[in-house]
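Chains B and G are the protein sequences, given in the same order.
Sequence positions in the first sequence follow the working numbering and run 1 to 340.
Sequence positions in the second sequence follow the working numbering and run 1001 to 1326.
Just so it is clear, CB atoms sit at the ideal spot from N, CA and C, and this is done for glycine as well.
Here is the structure we will look at, set down as structure tokens.
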Amino acid sequence: MSVNDEPLLHAQDLVRRYAVRRGMFGRPAEVRAVDGVSLTLRRGQTLGLVGESGCGKSTTGRMVLGLEMPDSGGVAFRNERMPPPGTPEWRRLRARMAMVYQDPLGALDRRLDIGVQVAEPLEIHGIGTRADRPARVEALLRSVGLRPDQARSFPHELSGGQRQRAVLARALATAPDLLVCDEPISALDVSIQAQVMNLLSEVQARTGVAMLFISHDLRAVRQMSHRVAVMYLGRVVEEGEPDDVLRAPAHPYAQALVSAIPHPGRRGGRIVLKGDPPNPAARPTGCAFHPRCAVAAAVCARDVPALKPRAADRRLVACHVAQGEAAPGAGLPRHALEAA
Amino acid sequence: MPPLVEIAGLTATFDGVPALRGVDLSVGRGEAVALVGESGCGKSVTWLAALGLLPGKARVAGSVRLDGQEILNAPPATLDALRGGRVAMIFQDPASSLNPVHRIGRQITEALALHRGLRGAAAREEARRLLDRVGMPDSRRRLDAYPHELSGGQNQRVMIAMALAGSPELLVADEPTTALDVTIQAQILELLAEIRRDTGMALVLISHDLGVVAETCERVCVMYAGRIVEETAAADLFAAPAHPYAAGLLAALPPIDGPRRPLAAIPGGVPEPWAMPPGCPYAPRCPRRVAACDEAVPRLATVAPAHRAACIRPLPEGAARELLSA
């Protein structure tokens, strides 16, 4: 195994629980936002994380960055265990990783000009001298396609795409090894999304930064990722090469997601799932997807399927039916109604 | 027989800044028409202006005819009878369109009282039927639910049920699935198509998502900077767009198969409404720009049967195909 194949970051069995109260006098209930997620990020590569709202993809991203501590499981960065947040070791490690958020206007301070905000990480982490900071800021702005004079602009003076470029310039200030991009293009117009995706790919080709690309948009994930993991209700249900997963999704949920990709020129042929995305506070027994699944068998309501390689092609999938452990059932209509 | 809705030369101006610069659009009976474009292009404002829903400071001019009868700047009583009656509208965020302190049933029966004169048990029974119609499970019990007790997809179903209360001839759906998850989006689009099949209602779908539009509508109008720049059958738009902007939008979409390479992004951004280029508003971003593009705003002109584009150098059919397959 060459040096480049060594994982940059490995997360093992991450679990994150929250206590919620239903109503003012309700009993506290436990919500497992992330329920045993493992993932590996490699230098110069992108892992795409897809799923619907509430599936735990953003929480996973925050735990990977050490912004949130897992209740169990752990994150190792370059084979070192992630130190607790707030400690000096953690701060040192944080300079190696950065986050790009969905809403660039919310991620920027409206009262400070772009130059000051891009320089901030340099000051916090003591990178370079005060004298060479303007030159560094200028280089960072150029590297994301902004003009050096835009350092004096305030966030409201920039367009949505330019703001996301500024956020990226700030994220790149410490020359991180890892970027976590949480829905980085969802708030942008279609014509600008392509610009930002191209920019992220360029930055990766130039710097070899690893990326965790979190999105609900499978088209964007395929464009950006070397591997893709599909999450449902706090667990990874399928993981593989983007083209394999898109061409022949193995998990019934991934099949529905892929068939729901809007496709100009195509009509029909969509798998329409019954029911709503389930509530993480009322997690179905067994496979969490079984109430909406068209091929669920009796075992699916009872046993949680493990994420493991499928015999035929080593694709990672967590499904009793896809693994051939159960014959495809006809769905479980009674449960489907309850969940809906 | 005139079309159901005929919009001609519609303009809207906010504090002297134009948002609509002359929109011509007609919707036939039972037809599904899409209005696509990026934020600020005027796709929502077109219908808010047509139905008299813009704030008082907006200056609206032009003509909007419903069944041949002028409704633009009509008296409030006329518009009140029309909105929610013959023409209904649903919006992107169902939770903020519903009243959070009233039960779902009361909100639907209110619409039924206003538009169909139904009261009491009859109204409640009809509300339950409407909830059934939009695929709400356990409809009788859900009448007593508050909006916060329902999911986003269920609230959008309630909005559609309320829109159906007036038996509309036209439903204007403004980004009805944008706030919803992908699998729920598929459910709502399916529901809208089904209702249209059953009732013969016309649908105007406002969306930024070309894919959503492609699967739902027969005709598509692409808007840019307050004007319609291309209008054609949905299938034609995706196979052979004539306006370079429409072609650019399609080319910027990441493909779902084939080799991965840098996306054909449209350079630059949409012009600010107060700093419009002198000629074609798309010219500064357009790969096909020539000097003549900066001289005058191009008019919508026929480029093929039932296919119009506002461009002096529209893409020939073959060229568009090549661009998209490149």
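Whole-angstrom distance between residue j and residue i, CA atom to CA atom
i                      : j                      : result
residue 1250 (chain G) : residue 1238 (chain G) : 7 Å
residue 340 (chain B)  : residue 206 (chain B)  : Model confidence at residue 340 (chain B) stands at a pLDDT of 34, short of 50, so the residue's coordinates are unreliable; what they give is reported in the following sentence. If I take the Cα positions, the gap works out to 48 Å.
residue 1 (chain B)    : residue 64 (chain B)   : For residue 1 (chain B), the pLDDT reaches just 44, beneath the cut-off of 50, and the residue's location in the model is therefore unreliable, leaving the point undetermined.
residue 1059 (chain G) : residue 1053 (chain G) : 12 Å
residue 385 (chain B)  : residue 252 (chain B)  : Outside the modelled stretch of chain B, which goes from 1 to 340, sits residue 385 (chain B), for which no answer is possible.
residue 1030 (chain G) : residue 1005 (chain G) : 11 Å
residue 1311 (chain G) : residue 1280 (chain G) : 8 Å
residue 159 (chain B)  : residue 1269 (chain G) : 8 Å
residue 1299 (chain G) : residue 1014 (chain G) : 23 Å
residue 1181 (chain G) : residue 1228 (chain G) : 29 Å
residue 1286 (chain G) : residue 1262 (chain G) : 18 Å
residue 109 (chain B)  : residue 191 (chain B)  : 25 Å
residue 1217 (chain G) : residue 117 (chain B)  : 45 Å
Assigned exposure category for residue i - 16 Cβ within 10 Å defines buried
i                      : result
residue 1131 (chain G) : buried
residue 58 (chain B)   : buried
residue 1042 (chain G) : buried
residue 51 (chain B)   : buried
residue 35 (chain B)   : buried
residue 188 (chain B)  : buried
residue 1099 (chain G) : exposed
residue 177 (chain B)  : buried
residue 1094 (chain G) : buried
residue 25 (chain B)   : exposed
residue 1155 (chain G) : buried
residue 1038 (chain G) : buried
residue 1224 (chain G) : buried
Residue range of the unbroken beta strand (DSSP E) whose run includes residue i
i                      : result
residue 1108 (chain G) : Note, residue 1108 (chain G): premise wrong, no beta strand (DSSP E); alpha helix (DSSP H) at 1104-1116.
residue 1024 (chain G) : 1017-1027
residue 278 (chain B)  : Element bounds for residue 278 (chain B): n/a, residue is neither H nor E.
residue 214 (chain B)  : 210-215
residue 228 (chain B)  : 227-232
residue 1063 (chain G) : 1058-1066
residue 7 (chain B)    : 7-21
Continuous alpha helix (DSSP H) stretch holding residue i: start and end
i                      : result
residue 1004 (chain G) : No alpha helix (DSSP H) contains residue 1004 (chain G), which DSSP labels as neither H nor E.
residue 1096 (chain G) : 1094-1097
residue 88 (chain B)   : 88-94
residue 253 (chain B)  : 252-259
residue 1238 (chain G) : 1234-1239
residue 207 (chain B)  : 190-207
residue 1161 (chain G) : 1152-1165
residue 1206 (chain G) : Looking at the DSSP string, residue 1206 (chain G) is not in any alpha helix (DSSP H); the run it does join, the beta strand (DSSP E), is 1202-1207.
residue 143 (chain B)  : 133-143
residue 1212 (chain G) : 1210-1216
residue 384 (chain B)  : The structure shown has nothing for residue 384 (chain B), since chain B only spans 1 to 340.
Residue-level contact to chain B via CB, residue i, 8 Å cutoff
i                      : result
residue 1038 (chain G) : yes
residue 1317 (chain G) : no
residue 1151 (chain G) : yes
residue 1256 (chain G) : yes
residue 1092 (chain G) : no
residue 1269 (chain G) : yes
residue 1107 (chain G) : no
residue 951 (chain G)  : Any question about residue 951 (chain G) goes unanswered here, given that chain G covers just 1001 to 1326.
Short CB-CB distance (under 8 Å) between residue i and chain C
i                     : result
residue 214 (chain B) : Looking at the structure shown, chain C is missing, and the protein chains on hand are B and G.
Residue-level contact to chain G via CB, residue i, 8 Å cutoff
i                     : result
residue 301 (chain B) : no
residue 282 (chain B) : no
residue 208 (chain B) : no
residue 363 (chain B) : The structure shown does not extend to residue 363 (chain B), since chain B is modelled only from 1 through 340, so no value can be given for it.
residue 223 (chain B) : yes
residue 161 (chain B) : yes
residue 227 (chain B) : no
residue 201 (chain B) : yes
residue 334 (chain B) : Below a pLDDT of 50, predicted positions are generally treated as unreliable, and residue 334 (chain B), at 44, falls in that range; no measurement from the model is reported.
residue 220 (chain B) : yes
residue 19 (chain B)  : no
Could you name the residues of the segment 25-57 of chain B whose beta carbon sits closer than 8 Å to any beta carbon of chain G, in the order they occur along the chain?
52, 53
So if I threshold CB-CB distances at 8 Å, which residues from the segment 172-199 of chain B count as touching chain G?
189, 190, 191, 192, 193, 194, 195, 197, 198
The segment 113-135 of chain B: which residues have C-beta closer than 7 Å to a C-beta of chain G, in chain order?
From the segment 113-135 of chain B, no residue has a Cβ closer than 7 Å to chain G.
With 7 Å as the C-beta to C-beta threshold (strictly closer), list the residues of the segment 1196-1214 of chain G near chain B in chain order.
1208, 1209, 1210, 1211, 1212, 1214
Pull out every residue of the segment 244-278 of chain B whose Cβ sits closer than 9 Å to any Cβ of chain G, in chain order.
Answer in chain order: 246, 247, 253, 256, 257, 258, 259, 260, 261, 262, 263, 264, 265, 266, 267, 268, 270, 271, 272, 273, 274, 275, 276, 277.
Could you please tell me which residues of the segment 1236-1266 of chain G, in chain order, have their CB closer than 9 Å to any CB of chain B?
1237, 1238, 1239, 1245, 1248, 1249, 1250, 1251, 1252, 1253, 1254, 1255, 1256, 1257, 1260, 1262, 1263, 1264, 1265, 1266
Which residues of the segment 1152-1185 of chain G have a Cβ closer than 8 Å to any Cβ of chain B? Give them in chain order.
1153, 1154, 1181, 1182, 1183, 1184, 1185
Pull out every residue of the segment 1065-1092 of chain G whose Cβ sits closer than 7 Å to any Cβ of chain B, in chain order.
none
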